[in-house]
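The end of the sequence shown is residue 161 by our numbering, with every number in the run present. We put the CB at the ideal spot given by N, CA and C, even for glycine. Quick caveat: nothing in here was measured; it's all calculated off a predicted structure.
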Amino acid sequence: MSNLIIRPAAPPDIAAITGIYAAAVVHGTATFEIEPPDEAEMARRRQALIAKGYPYLVAECDGAMAGFAYAGPYRDRRAYDWCVEDSIYIAPQFYRRGIGRLLLTRLVTESEALGFRQMLGVIGDSANTASVAVHAAAGFRLIGTFQSVGFKHGRWLDTVLMQRQLGNGDSSPP
-12 MSNLIIRPAA
-2 PPDIAAITGI
8 YAAAVVHGTA
18 TFEIEPPDEA
28 EMARRRQALI
38 AKGYPYLVAE
48 CDGAMAGFAY
58 AGPYRDRRAY
68 DWCVEDSIYI
78 APQFYRRGIG
88 RLLLTRLVTE
98 SEALGFRQML
108 GVIGDSANTA
118 SVAVHAAAGF
128 RLIGTFQSVG
138 FKHGRWLDTV
148 LMQRQLGNGD
158 SSPP
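(1) Compute the beta-carbon to beta-carbon distance between Glu72 and Val109, rounded to the nearest angstrom, for a pair I have assumed lies under 8 Å.
(2) Going by beta carbon distance, what residues of the same chain come within less than 8 Å of Arg142, once the five residues before and after it are set aside?
(3) Could you spell out the range, first to last residue, of the alpha helix (DSSP H) harbouring Tyr8?
(4) Would you call the segment 14 to 21 and the segment 36 to 54 touching, i.e. three or more CB-CB distances under 8 Å?
(5) Touch check for the segment 43 to 58 and the segment -9 to -2: three-plus C-beta pairs under 8 Å?
(6) Would you list, in sequence order, the uninterrupted alpha helix (DSSP H) runs of no fewer than 4 residues that lie entirely inside the segment 70 to 125?
(7) Specify the secondary structure class of Tyr43 as computed by DSSP and reduced to three states.
(8) Taking Arg(-6) as part of the beta strand (DSSP E), name the residues at either end of that continuous run.
(9) Under 8 Å between the Cβ atoms of Met29 and Ile1?
(10) Using DSSP's beta-bridge definition, name the partner residues of Ala17.
(11) If you check the beta carbons only, do Phe127 and Arg151 fall under 8 Å apart?
(12) Between the C-alpha atoms of His14 and Cys48, what's the straight-line distance to the nearest angstrom?
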(Lines of atoms letter the chains of each structure in order from A and count residues from 1; the text may use other names and numbers.)
(Lines give C-alpha, C1' and ligand atoms only; values in the text may rest on other atoms or scores of the structure.)
Protein backbone atom coordinates (compact mmCIF):
# COMPACT_ATOMS: atom_id res chain seq x y z
CA MET A 1 0.00 0.00 0.00
CA SER A 2 2.79 2.35 -0.90
CA ASN A 3 0.69 4.84 -2.87
CA LEU A 4 -2.85 5.25 -1.47
CA ILE A 5 -4.99 8.15 -2.63
CA ILE A 6 -8.45 8.95 -1.31
CA ARG A 7 -10.34 11.38 -3.52
CA PRO A 8 -13.85 12.25 -4.67
CA ALA A 9 -15.32 9.69 -7.05
CA ALA A 10 -15.58 10.74 -10.68
CA PRO A 11 -17.57 9.35 -13.63
CA PRO A 12 -14.58 7.35 -14.97
CA ASP A 13 -14.52 5.42 -11.65
CA ILE A 14 -17.97 3.91 -12.20
CA ALA A 15 -16.76 0.71 -13.90
CA ALA A 16 -14.44 -0.13 -10.99
CA ILE A 17 -17.04 0.89 -8.38
CA THR A 18 -19.61 -1.32 -10.12
CA GLY A 19 -17.19 -4.27 -10.05
CA ILE A 20 -16.39 -3.84 -6.36
CA TYR A 21 -20.05 -3.55 -5.47
CA ALA A 22 -21.00 -6.54 -7.65
CA ALA A 23 -18.54 -8.72 -5.71
CA ALA A 24 -20.13 -7.55 -2.45
CA VAL A 25 -23.63 -8.29 -3.74
CA VAL A 26 -22.81 -11.72 -5.16
CA HIS A 27 -20.43 -13.04 -2.52
CA GLY A 28 -21.00 -11.00 0.63
CA THR A 29 -23.55 -9.89 3.16
CA ALA A 30 -22.53 -6.26 3.64
CA THR A 31 -25.39 -5.32 1.33
CA PHE A 32 -28.75 -7.03 1.24
CA GLU A 33 -29.13 -6.31 -2.45
CA ILE A 34 -29.52 -9.62 -4.31
CA GLU A 35 -28.75 -8.70 -7.95
CA PRO A 36 -25.80 -6.43 -8.76
CA PRO A 37 -26.81 -3.20 -10.48
CA ASP A 38 -25.21 -2.31 -13.80
CA GLU A 39 -22.90 0.64 -14.47
CA ALA A 40 -25.75 2.92 -15.55
CA GLU A 41 -27.56 2.35 -12.25
CA MET A 42 -24.39 2.83 -10.21
CA ALA A 43 -23.69 6.07 -12.09
CA ARG A 44 -27.27 7.23 -11.43
CA ARG A 45 -26.94 6.45 -7.71
CA ARG A 46 -23.62 8.30 -7.44
CA GLN A 47 -24.95 11.34 -9.28
CA ALA A 48 -28.09 11.45 -7.12
CA LEU A 49 -26.01 11.53 -3.93
CA ILE A 50 -23.58 14.13 -5.24
CA ALA A 51 -26.46 16.32 -6.47
CA LYS A 52 -27.87 16.34 -2.92
CA GLY A 53 -24.50 17.33 -1.42
CA TYR A 54 -23.33 14.02 0.01
CA PRO A 55 -19.66 12.97 -0.13
CA TYR A 56 -18.71 10.05 -2.38
CA LEU A 57 -15.08 8.87 -2.23
CA VAL A 58 -12.79 6.32 -3.83
CA ALA A 59 -9.49 4.85 -2.66
CA GLU A 60 -6.79 4.06 -5.20
CA CYS A 61 -3.79 1.97 -4.27
CA ASP A 62 -0.88 1.93 -6.69
CA GLY A 63 -3.26 2.90 -9.49
CA ALA A 64 -5.87 0.20 -8.75
CA MET A 65 -9.32 0.94 -7.35
CA ALA A 66 -9.20 -0.41 -3.78
CA GLY A 67 -12.59 0.69 -2.53
CA PHE A 68 -15.25 3.36 -2.30
CA ALA A 69 -17.38 4.98 0.36
CA TYR A 70 -20.21 7.44 0.51
CA ALA A 71 -22.62 9.06 2.88
CA GLY A 72 -26.28 9.20 2.04
CA PRO A 73 -29.58 9.93 3.68
CA TYR A 74 -30.57 7.67 6.56
CA ARG A 75 -34.25 8.32 5.87
CA ASP A 76 -36.01 10.62 3.42
CA ARG A 77 -38.10 12.53 5.96
CA ARG A 78 -37.02 16.16 6.49
CA ALA A 79 -36.31 15.76 10.22
CA TYR A 80 -33.52 13.32 9.30
CA ASP A 81 -31.69 15.87 7.12
CA TRP A 82 -28.80 16.13 9.59
CA CYS A 83 -28.20 12.39 9.83
CA VAL A 84 -26.29 10.35 7.26
CA GLU A 85 -25.68 6.65 6.77
CA ASP A 86 -22.25 5.52 5.63
CA SER A 87 -21.50 2.83 3.06
CA ILE A 88 -18.03 1.37 2.52
CA TYR A 89 -16.98 -1.33 0.05
CA ILE A 90 -13.49 -2.69 -0.44
CA ALA A 91 -12.20 -4.74 -3.38
CA PRO A 92 -11.52 -8.29 -2.11
CA GLN A 93 -7.81 -8.16 -2.98
CA PHE A 94 -7.48 -5.14 -0.65
CA TYR A 95 -9.21 -6.59 2.42
CA ARG A 96 -7.53 -6.14 5.81
CA ARG A 97 -5.14 -3.39 4.74
CA GLY A 98 -6.77 -0.54 6.66
CA ILE A 99 -8.39 1.01 3.59
CA GLY A 100 -11.90 0.82 5.06
CA ARG A 101 -10.73 2.67 8.16
CA LEU A 102 -9.08 5.38 6.05
CA LEU A 103 -12.16 5.78 3.86
CA LEU A 104 -14.46 5.98 6.89
CA THR A 105 -12.21 8.52 8.63
CA ARG A 106 -12.25 10.75 5.55
CA LEU A 107 -16.00 10.27 5.13
CA VAL A 108 -16.56 11.39 8.73
CA THR A 109 -14.37 14.47 8.20
CA GLU A 110 -16.14 15.45 4.98
CA SER A 111 -19.60 14.84 6.45
CA GLU A 112 -18.76 17.03 9.47
CA ALA A 113 -17.53 19.79 7.14
CA LEU A 114 -20.87 19.64 5.31
CA GLY A 115 -22.74 20.22 8.57
CA PHE A 116 -24.13 16.75 9.22
CA ARG A 117 -24.60 15.95 12.92
CA GLN A 118 -24.91 12.16 13.18
CA MET A 119 -23.57 9.26 11.14
CA LEU A 120 -25.06 5.79 11.25
CA GLY A 121 -23.42 2.57 10.22
CA VAL A 122 -26.03 -0.02 9.27
CA ILE A 123 -23.82 -3.09 9.01
CA GLY A 124 -25.14 -6.07 7.12
CA ASP A 125 -24.64 -9.35 8.99
CA SER A 126 -23.65 -9.37 12.65
CA ALA A 127 -20.87 -11.80 11.65
CA ASN A 128 -19.20 -8.91 9.75
CA THR A 129 -16.84 -8.29 12.66
CA ALA A 130 -14.32 -6.42 10.48
CA SER A 131 -16.87 -3.71 9.68
CA VAL A 132 -18.01 -3.51 13.29
CA ALA A 133 -14.36 -3.11 14.38
CA VAL A 134 -13.67 -0.42 11.74
CA HIS A 135 -16.67 1.57 12.93
CA ALA A 136 -15.74 1.17 16.60
CA ALA A 137 -12.18 2.36 15.85
CA ALA A 138 -13.68 5.44 14.16
CA GLY A 139 -15.63 6.36 17.28
CA PHE A 140 -18.96 4.69 16.54
CA ARG A 141 -20.86 3.10 19.40
CA LEU A 142 -23.10 0.07 19.19
CA ILE A 143 -26.78 1.02 19.23
CA GLY A 144 -28.29 -2.41 18.71
CA THR A 145 -28.88 -5.36 16.43
CA PHE A 146 -31.91 -6.04 14.30
CA GLN A 147 -32.14 -9.80 14.27
CA SER A 148 -32.94 -11.86 11.17
CA VAL A 149 -34.19 -8.94 9.06
CA GLY A 150 -32.71 -10.12 5.76
CA PHE A 151 -32.46 -13.45 3.97
CA LYS A 152 -29.52 -13.95 1.62
CA HIS A 153 -27.24 -16.83 0.65
CA GLY A 154 -29.67 -19.29 2.22
CA ARG A 155 -29.62 -17.82 5.72
CA TRP A 156 -31.18 -15.14 7.89
CA LEU A 157 -29.02 -12.09 8.49
CA ASP A 158 -28.93 -9.45 11.20
CA THR A 159 -28.04 -5.81 10.80
CA VAL A 160 -25.91 -4.04 13.38
CA LEU A 161 -26.65 -0.38 14.01
CA MET A 162 -23.76 1.85 15.10
CA GLN A 163 -23.75 5.63 15.56
CA ARG A 164 -21.22 8.45 15.77
CA GLN A 165 -21.77 12.10 16.57
CA LEU A 166 -20.46 14.56 13.99
CA GLY A 167 -19.40 18.09 14.84
CA ASN A 168 -21.68 19.55 17.52
CA GLY A 169 -23.97 16.55 17.35
CA ASP A 170 -27.15 17.23 19.28
CA SER A 171 -25.68 19.96 21.52
CA SER A 172 -27.23 22.72 19.41
CA PRO A 173 -29.78 23.13 16.61
CA PRO A 174 -28.47 22.70 13.05
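The short version:
(1) In this structure, Glu72 and Val109 form a Cβ contact; the two beta carbons are roughly 6 Å apart against a cut-off of 8 Å.
(2) Leaving aside the five residues that flank Arg142 on each side, none in its chain has a CB nearer than 8 Å to its CB.
(3) It spans 1 to 14 - the alpha helix (DSSP H) in which Tyr8 sits, taken as one unbroken run.
(4) Contact check between the segment 14 to 21 and the segment 36 to 54: fewer than three CB pairs, one atom from each, fall below 8 Å, which does not count as touching.
(5) Contact between the segment 43 to 58 and the segment -9 to -2 is present: 3 or more CB-CB pairs across the two stretches fall below 8 Å.
(6) Listed in chain order, the alpha helix (DSSP H) runs fully inside the segment 70 to 125 are 86 to 100, 116 to 124, counting runs of at least 4 residues.
(7) Three-state result, Tyr43: strand.
(8) For Arg(-6), the enclosing beta strand (DSSP E) has its first and last residue at -9 to -5.
(9) Taking 8 Å as the cut-off, the beta carbon of Met29 is found closer than this to the beta carbon of Ile1.
(10) According to DSSP, which records beta bridges pairwise, Ala17 is partnered with nothing at all.
(11) In terms of Cβ geometry, Phe127 and Arg151 form a close pair [threshold 8 Å].
(12) One alpha carbon belongs to His14, the other to Cys48, and they sit about 22 Å apart.
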